Amino acid sequence: MKTIYSPLHAEQNAETEPYRGRTVPGFEIPRRAQLVLDRVREVGLGPVLEPDAHGLDPLTRVHSPEFVDFLATIRARWEVEVGDIPAVPSTWMLPRGRSLPNRRAGAELGRFAIDMSSPILAGTWTAARASADCALTGAALVGDGERVAFALCRPPGHHAGRDSYGGYCFLNNAAIAAQSLIDGGMAKVAVLDVDYHHGNGTQDIFWTDDKVLTVSIHADPDEEYPYHLGRADEVGEGAGEGVNLNLPLPLGTEFAAYEKALNTALERIAAQGAEAIVVSLGVDTFGGDPISHFRLVNGDYLTMGAAIAKAGLPTLFVMEGGYAVEDIGVNAVNVLTGFEEIA
Numbered sequence: 078m079k080t081i082y083s084p085l086h087a088e089q090n091a092e093t094e095p096y097r098g099r100t101v102p103g104f105e106i107p108r109r110a111q112l113v114l115d116r117v118r119e120v121g122l123g124p125v126l127e128p129d130a131h132g133l134d135p136l137t138r139v140h141s142p143e144f145v146d147f148l149a150t151i152r153a154r155w156e157v158e159v160g161d162i163p164a165v166p167s168t169w170m171l172p173r174g175r176s177l178p179n180r181r182a183g184a185e186l187g188r189f190a191i192d193m194s195s196p197i198l199a200g201t202w203t204a205a206r207a208s209a210d211c212a213l214t215g216a217a218l219v220g221d222g223e224r225v226a227f228a229l230c231r232p233p234g235h236h237a238g239r240d241s242y243g244g245y246c247f248l249n250n251a252a253i254a255a256q257s258l259i260d261g262g263m264a265k266v267a268v269l270d271v272d273y274h275h276g277n278g279t280q281d282i283f284w285t286d287d288k289v290l291t292v293s294i295h296a297d298p299d300e301e302y303p304y305h306l307g308r309a310d311e312v313g314e315g316a317g318e319g320v321n322l323n324l325p326l327p328l329g330t331e332f333a334a335y336e337k338a339l340n341t342a343l344e345r346i347a348a349q350g351a352e353a354i355v356v357s358l359g360v361d362t363f364g365g366d367p368i369s370h371f372r373l374v375n376g377d378y379l380t381m382g383a384a385i386a387k388a389g390l391p392t393l394f395v396m397e398g399g400y401a402v403e404d405i406g407v408n409a410v411n412v413l414t415g416f417e418e419i420a
């Protein structure tokens, strides 16, 4: 299995973040990706490649051009107005407000951000672009006939919507990859999100799309971030009605219950006739994760990978969350080796 990795991810390095009313050390740190990479090499998973550059066009296939331009330019505006400190919003537009461009950089942050967890730093755009290029390079490999590839993306992406960012995510890597497979000629692709948190951004992007099936297994949004999306009655609209499946689970879920949801997800993917799967691979379902509340153990990730492999489809794994840094490498690579044992 080929792994696509860029060291430019380290340009995004938020030292602190707000968490339940307190300022705490950041959870989404460069060491996460390094530990996964170390494990990939330790087990001999396969070659590690740097991504090809793909430009902006694939980004604007899933994100609005205005949003992409915002991400590319807001940091320079912020530094002129505020200085060389993390760019974090302090005001947000209400749902009944008007989303109009604003002269003030801080106001622009509030137009697009869904929370305060994702500061825009001097290197954020560089890191986000490289992360998307990892996903696109992996999608190109799968589109060209590889059975499986692993895009070791950081920053993660599944909370980034068509014109929104948050939850540590700026560009939606999995959605960008899925759309590139469609643009390359596939009739239908599935995005399977196994992160602890709902893939609200992916759902938003493909809400009215009948070519990309979005399936998310996640913690009940009545209890967990992102709270405002992820319920079972959210099924898509228009052409996309019935092409979005949410499988929320209660806090404390162990693998026996999780596996049932995973099997339901894979059955839906088969029924929809997907030609490939893009897996949003979050391993924050692990029982030791500091900000999550499921109870999976290391060995469960081997079983998860094997189950996905049994779908028999070309598969791209795209790294998302997982904040138990001492176990993130083992858990992520267990999914991949579990897949390869079957594939």
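Sequence positions in the sequence shown follow the working numbering and run 78 to 420.
Backbone N, C-alpha and C define an ideal beta-carbon position, used for all residues, glycine too.
All values reported here derive from a predicted model rather than from experimental measurement.
Endpoints, beta strand (DSSP E) assigned at residue i
{"i": "Ile294", "result": "Val289 to Ala296"}
{"i": "Phe227", "result": "Val225 to Ala228"}
{"i": "Tyr378", "result": "Unbroken run through Tyr378 is the alpha helix (DSSP H), Asp377 to Ala386; no beta strand (DSSP E)."}
{"i": "Val18", "result": "Nothing in the structure corresponds to residue 18, since the chain is present only between 78 and 420."}
{"i": "Tyr304", "result": "Looking at the DSSP string, Tyr304 is not in any beta strand (DSSP E), and its letter there is neither H nor E."}
{"i": "Pro95", "result": "Thr93 to Tyr96"}
Beta-carbon separation (whole angstroms), residue i vs residue j, contact threshold 8 angstroms
{"i": "Pro172", "j": "Glu397", "result": "Not really, about 27 angstroms apart at Cβ, beyond 8 angstroms."}
{"i": "Ile354", "j": "Leu324", "result": "Rounded, the Cβ-Cβ distance is 15 angstroms, inconsistent with contact."}
{"i": "Leu248", "j": "Asn277", "result": "In fact, because the Cβ distance is near 15 angstroms, the residues do not count as touching under 8 angstroms."}
{"i": "Ser176", "j": "Tyr242", "result": "At roughly 14 angstroms, the Cβ-Cβ gap does not stay under 8 angstroms, so Ser176 and Tyr242 are not in contact."}
{"i": "Arg421", "j": "Gly399", "result": "The structure shown has nothing for residue 421, since the chain only spans 78 to 420."}
{"i": "Val292", "j": "Val268", "result": "7 angstroms"}
{"i": "Thr392", "j": "Val225", "result": "5 angstroms"}
{"i": "Ala212", "j": "Cys230", "result": "6 angstroms"}
{"i": "Val407", "j": "Phe394", "result": "The Cβ separation is near 15 angstroms, so there is no contact."}
{"i": "Ala74", "j": "Leu358", "result": "Not covered by the structure: residue 74. The range shown for the chain is 78 to 420."}
{"i": "Gly91", "j": "Leu198", "result": "Reading off the sequence shown, one finds Ala at residue 91, where the question assumed Gly. Confirmed, Cβ separation roughly 7 angstroms."}
{"i": "Gly215", "j": "Phe227", "result": "7 angstroms"}
{"i": "Ile253", "j": "Pro135", "result": "6 angstroms"}
{"i": "Asp270", "j": "Thr279", "result": "6 angstroms"}
{"i": "Met78", "j": "Glu418", "result": "Incorrect: roughly 11 angstroms between the Cβ atoms, too far for contact."}
{"i": "Phe144", "j": "Asp240", "result": "4 angstroms"}
{"i": "Trp202", "j": "Arg138", "result": "Actually they do not touch by this definition, with Cβ atoms about 18 angstroms apart."}
{"i": "Arg181", "j": "Glu158", "result": "7 angstroms"}
{"i": "Gly409", "j": "Val113", "result": "Per the sequence presented here, residue 409 reads as Ala, with Gly not at that position. Indeed they touch by this definition, with Cβ atoms about 5 angstroms apart."}
Range of the contiguous alpha helix (DSSP H) that encloses residue i
{"i": "Thr341", "result": "Phe332 to Ala348"}
{"i": "Pro107", "result": "Pro107 to Glu119"}
{"i": "Thr285", "result": "Careful: Thr285 lies outside any alpha helix (DSSP H) and carries neither H nor E."}
{"i": "Phe144", "result": "Pro142 to Glu158"}
{"i": "Ser257", "result": "Asn250 to Asp260"}
{"i": "Val402", "result": "Val402 to Ile419"}
Cβ shell of residue i (< 8 angstroms), same chain only, five flanking positions each side left out
{"i": "Gly340", "result": "For the record, residue 340 in the displayed sequence is Asn; it is not Gly. Closer than 8 angstroms at Cβ, skipping near neighbours: Ala384."}
{"i": "Glu127", "result": "Ile81, Tyr82 and Ser83"}
{"i": "Tyr304", "result": "Pro298"}
{"i": "Trp169", "result": "Gly187 and Ala190"}
{"i": "Ala351", "result": "Lys265, Val266, Ala267, Leu290 and Leu390"}
{"i": "Ile368", "result": "Tyr96, Phe104, Asp361 and Tyr400"}
{"i": "Pro107", "result": "His86, Ala87, Gln89, Asn90 and Arg231"}
{"i": "Glu318", "result": "Val312"}
Spatial neighbours of residue i in its chain, beta-carbon cut-off 7 angstroms, leaving aside the 5 residues before and after
{"i": "Gly315", "result": "Thr285"}
{"i": "Ser167", "result": "Gly183"}
{"i": "Arg372", "result": "Gly329, Thr330, Glu331 and Gly364"}
{"i": "Gly261", "result": "Gly220"}
{"i": "Ile207", "result": "In the sequence as displayed, the identity of residue 207 is Ala instead of Ile. Here the set comprises Ser83, Leu85, His86 and Pro128."}
{"i": "His235", "result": "Cys246, Asn249, Ala251, Asp270, Asp272, Gly276, Gly278, Thr279, Ser357 and Glu397"}
{"i": "Ala237", "result": "Cys246, Phe247, Leu248, Asn249 and Gly278"}
{"i": "Gly200", "result": "Glu88 and Gln89"}
{"i": "Ala334", "result": "Leu326"}
{"i": "Asp115", "result": "Gly406"}
{"i": "Arg308", "result": "Pro298, Asn323 and Pro325"}
Under the three-state DSSP convention, the category residue i falls into
{"i": "Tyr82", "result": "coil"}
{"i": "Gly238", "result": "strand"}
{"i": "Thr392", "result": "strand"}
{"i": "Asp270", "result": "strand"}
{"i": "Val101", "result": "strand"}
{"i": "Asn179", "result": "coil"}
{"i": "Leu326", "result": "strand"}
{"i": "Gly244", "result": "coil"}
{"i": "Thr362", "result": "coil"}
{"i": "Leu126", "result": "strand"}
{"i": "Asn277", "result": "helix"}
{"i": "Glu88", "result": "helix"}
{"i": "Leu373", "result": "strand"}
6 angstroms CB neighbourhood of residue i in its chain, flanking five on each side removed
{"i": "Asp297", "result": "Pro325 and Pro327"}
{"i": "Phe283", "result": "Val289 and Thr291"}
{"i": "Asn179", "result": "Glu185"}
Near the ligand HEM: residue i beta-carbon under 7 angstroms from a heavy atom
{"i": "Phe144", "result": "Here there are no bound small molecules, and the ligand HEM is not part of this structure."}
With a floor of 4 residues, list each alpha helix (DSSP H) that falls wholly inside the region 182 to 220, ordered by position along the chain.
-> Whole alpha helix (DSSP H) segments, 4+ residues: 182 to 189 and 201 to 220.
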